[in-house]
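Structure record follows, encoded as structure tokens.
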Amino acid sequence: MHGNRGFLLLFFFFLYRTITLPHTPLSLFEDTLYWTDRQLNRVLSAHKYRGTNQTVVSHLISQPLSIHVHHPSLQPRYANPCDPLANGTTGRHCQHLCLLSPSAPAGYACKCRPGYRLVEEERCVEEENAFIVLMKGNQIVDVPFNGGDVRSSALLPVVGIDGGLGLDYDRQGEQLYWIQGRAGSTDESDDENCTIYTTPYGGGGNRTEFLGGADGLVGAAYTLAFDWIGRNLYIGNRIASNIETISVDGKQRYRAIILSNDGNRTSVAKPRQLALDPAAGRLFWLDDGGFGVLTKLAAAGMDGSEPTILDDTIQYVESVTVDAERRTVYYSTQFPPAVHAIGYDGTGRRTVLSEENAIARPRGLAVHESRLYFIDPTYEKLVRVDLPNGDNARTILDNEPDLRGMVIFRKRSVTPQHPCTMNNGGCEHLCVPAVNGARVCLCGMGYKKENEVACTPYKTFAVVSQLDVTRGYSLRDSAEAMVPIAGPGHHILHVDVLYRESWIYWVEYNRGHWNGIFRVRPNGTELQHIVRDGIGSNGIRGLAIDWVAGNLYFTNVFPHENYVEVAWLDGTHRKVLVRTTNDAPRELAVNPIKRLLYWIDYGQFPRIGKCHLDGGNWTPVVTSGISNPRDLTVDMLTHDVYWVDSKLDMIQKVSYSGGNRQVIRRNLANPMAIAVFLSDVYWVDRNLASVFRASKFPGNATLPERLRTNLPKLRDITIYDINQQPMDDANPCLRLGNGGCDQLCFALPPDVGQKPSFRCDCAVGRLSTDGRHCETTDEYVIFATRTEIRSIELDPTSTNVPFAPVVNLTNVVGLDFDYADNKLFFTQIRPWSKIAYLRGDKPDAAGAGGRHLGRVRVGGYFVRLAAVEVLLDGRLCRLYLRDEHGRYGAGDDRARRATAGDRARSVQRDAVLHRLGPVRDVGQNFPHHNGRLAEASDRRSGSVATERSGDRLRRPDAVLDRCGPGEDRAGAAGWARPRGTDLGHHLPLCHHRLPELHLLDGSAAEGGVPGGEAHRGERDRDGEAAGGFTA
């Protein structure tokens, strides 16, 4: 026995000397010890006693960390005393925790969560003892009233809090709420980047984000207070200058703004802290003032009614709390340092503490049992004084740096039989306590009160976009008619609506997630990213919805080309209607009744044009007297087209055919967008930061009405109303389900006289001879970007796409196909190297993880290949590939193998730096490749490794395979496209029954791919080209 211990100690000493990193994970199984070595990228094993037979289990794992042997013998099963059914004690079990205990008679002991105590051996009841919840530094801890280092053990500490500000708790829901700044922030003045978090204070759950910018919160919460009767959370927003209330129960959290800055003395400007007395239905807040509002202590009903000023003689306010029993409000200031008291009605103001009591910045005020508690970050202490005069000061904690907030955890009083405690008071959304034990029902954003308890969505409102937020405003008052689209990272350019299906659409222009076209319900639910791929570097610059046929139109802007595209309303069946290099279409407007599409051309000579809904028959409408048109819209009552010109500073209109041009408004500041509703015209002015309304009729000189002000960075406006989107029952695309078309249906103008009066088209594939259905295409060009596989027609003038793009791939480099077996092969180099294949005629990203051909058998072992190129020779059943990391053979070499993955043989082992890919010469059976750094192209025999000289090319980013015997030559053999040329106009093609065009390119053509783009010179992290072409 002692000998075995000696051997074991000796082995661990040996292990300590040989392992290269500390804290190496270990695992034992039978007589073998396993461990990982992160620096050597290995999993190793050895005999657990002597250390002999040391073996490398695996050396292909990148930075292995933890290790554990999975085997049932390592976790033997025994009778569980904590399982009442297993022990025949049905009905008896621990309420909270059951812990195995060999000393207990039953073999287990029951324990309770923090804040509970054990009764009757198995049942837990809540503790009634109060304690202090303290936010200090980056943590929240509990502190007993007698102080000291001993915790009260009633709260599990919450750590990792950056820039903590506010703090409160929900005893019924056992939740702790706090406000947290951005990561690494310690500046309390950062009121723009705050988020509300919550976590169970008794453990058993992780912290979750309760409310942030992604929830439609404009601005950020700075302070909070919990209403334990109505079960609502109140927040003060210093950026939006308002106070909101949010329901905490239920699947949907309803929010309502109860107080805002309406220009009165009692308005909210920059709320510092909130305090509630739900039993009395009262809300109190301290306001730092600003925007024409004084610094003050104010009060109101919890529904925002009857706001009053209690004290407006104070400056530099800090904290506020209430003594509900004595109906007294306590509040503090920093300059001069003081704590004051005043009655609920604003009478009896007095000073409780002043600078003479050794205070500098009293905050976190709380009252409990006739005592006032507060923290002072300057003196680094937590202090208690007796009320009402502030006598008998006692320091509970001293020398505690970075004190941030405090609240006393105790049982809160509830008015017996309060309406809000029973079935939410009968309210559909929010139940808010009122005076004298009554209640008031409120409706969430996007809703208005239909009667005392019911809520109904707004049917009419203006959707206004600023660059960083989109909001809905009622046209009758200042109410929020939709949940705002807000949060970090937004850059919103255009908005539109679909009334009959209750959708808000908008366009984002960014480099991150927020890029493309999105939609959401007016109540903030069902956020969808419907157009996310194939977006030009200059973004999407126009948006219009055909609500009759169900099509979405948008402009897609690339550096050298501009597209007008169409898709279904959910973003599927996307197609390029117009591709142009001469014109610059931007803003769009659609008239489904007249079946016309209008757009503004931002070219050298600005103009407004129109076309059919399928993109055909483009004709100019306005070509003169136009300078910088920013937006246009259609009046669906008269079908007139209105537009704003930010350089001429006016609003003009023409008839739908282009005649009867008139000026509506002159001498505007900087109009950015326009909308027409009934008899009025609405526009947003960026310089004046306002939304205006005026008569739409010419010659009306009345001053425009300001609907909303103080809205910086205004960008677009549209009206959400049923009258804005009338239906057309005669539209052929409404019949037979999309007009009988498989994919896209376009209704033609009635005056065209064509039969049928509509046209079907295909976003993917080509239109069959019956003019209704779509069929697959068997001749096309396939190309790869780093994350996608796309295709284009052989006809450079066609905008059809043979198959839908395969997206969400990673580092795709090589492509080839097996036409007879209907397989499309591709290679990836990250996150792991592999060769895989998809269905050839209809590739699908869901099948991208199909069969891999990524390893070969060498000497009885399987070796993984880091293949980045693949080339298929179907006639000789050979697959050519490149071993990037030299795992098969030595160095960066090329190999061939049978298509089944075996019989590998190296065919080249010289250094061709940064090869872009191979291509096969069908006629002479030679694989070609090109090298970017070597600036050369060469070819190899398919059976021997003899090198033949190749023509030296200038930066050969593309190599075209030679045409086979009997094929028509449309270009020179061995042709290479100079870098940056338009692929769609310079492709030499070989025409034959089966397309044998093989083209590899380091970047996607800037003009040849509808909806796709790659910048010149773009590489992945290893310097490899971003993609390649093949047909």
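With mature numbering (1 follows the signal peptide of the UniProt record, and there is no 0) applied, the sequence shown corresponds to residues -22 to -1, 1 to 1009, in that order. Note that beta-carbon positions come from the ideal geometry of N, C-alpha and C, so glycine has one too.
Residue burial annotation: V21 is buried, with at least 16 other C-beta atoms found within 10 angstroms of its C-beta.
In this structure, DSSP gives T616 a state outside helix and strand, which the three-state scheme calls coil. For I813 and L787, the gap between their C-alpha atoms comes out near 13 Å. K801 has D796, R817 as its beta-bridge partners, per DSSP.
Look at E106 here: in three-state DSSP terms it is coil, with no helix or strand label. According to the DSSP secondary-structure assignment, G214 is paired through a beta bridge with T201, I221. Counting along the chain, I353 sits inside the beta strand (DSSP E) bounded by residues 349 to 354. Unbroken beta strand (DSSP E) stretches of 3 residues or longer found wholly inside the region 578 to 624: 585 to 590, 597 to 600, 607 to 612, 619 to 623, given in chain order. In this structure, the straight-line span from the alpha carbon of E543 to that of D706 is close to 23 Å.
Under the DSSP assignment, H468 falls outside any beta strand (DSSP E); it carries neither an H nor an E label. When the beta-carbon positions are compared, R585 and T601 come within less than 7 Å of each other. Distances from the alpha-carbon of H617 to those of R608, M628, G636, A562 put G636 closest. When Cβ pairs closer than 8 Å are counted between the two stretches, the region 298 to 307 is seen to touch the region 342 to 349, the count reaching three or more.
Within the region 723 to 803, the complete beta strand (DSSP E) segments of 3 residues or longer fall at 736 to 739, 758 to 762, 767 to 771, 790 to 796, listed in chain order. According to the DSSP assignment, M280 belongs to no beta strand (DSSP E), since it is labelled neither H nor E. In the structure shown, S668 adopts extended strand secondary structure according to DSSP, grouped into three states. Cβ contact annotation for T687 (same chain, cutoff 7 Å, sequence separation greater than five): A667, S668, in chain order. Taking the C-beta atoms as reference points, V485 is found nearer than 7 Å to L471.
Closest in C-alpha terms to K114, from the list G142, L18, V447, comes G142. Taking the Cβ atoms as the reference, L793 lies roughly 7 Å from I767, within the contact range of under 8 Å. For I118, the closest alpha carbon among the candidates G125, I110, N124 is that of I110. Contact check for A432 against L195 fails: the beta carbons are separated by 7 Å or more.
Relative to the Cα of N31, the nearest Cα in the group D9, Q640, S51, P50 belongs to D9. In this structure, the beta-carbon distance from F724 to R713 does not fall below 7 Å. Counting of Cβ neighbours within 10 angstroms places L43 among the exposed residues, the total staying below 16. By the C-beta criterion, the region 520 to 535 is judged to be in contact with the region 557 to 569, since at least 3 inter-stretch pairs fall below 8 Å.
Using a 10 angstroms sphere on the CB of V475, the tally of other CB atoms reaches 16 or more, which defines it as buried.
I374 counts as buried, since no fewer than 16 other beta carbons sit within 10 angstroms of its beta carbon. Taken atom to atom, the span from the alpha-carbon of A132 to that of D663 is near 56 Å. In this chain, the beta strand (DSSP E) harbouring E187 covers 186 to 189. Secondary structure note for M628: its beta strand (DSSP E) is the uninterrupted segment 628 to 632. Each of F7, K89, P59 was checked against the Cα of P50, and the nearest Cα belongs to F7. For V271, no beta strand (DSSP E) encloses it, and the DSSP letter there is neither H nor E. The three-state secondary structure of G520, taken from DSSP, is strand.
Per the coordinates, the alpha-carbon of P466 lies some 44 Å from the alpha-carbon of R304.
Taking a cut-off of 8 Å on C-beta distances, the region 391 to 406 does not touch the region 264 to 280, as fewer than three cross pairs fall below it.
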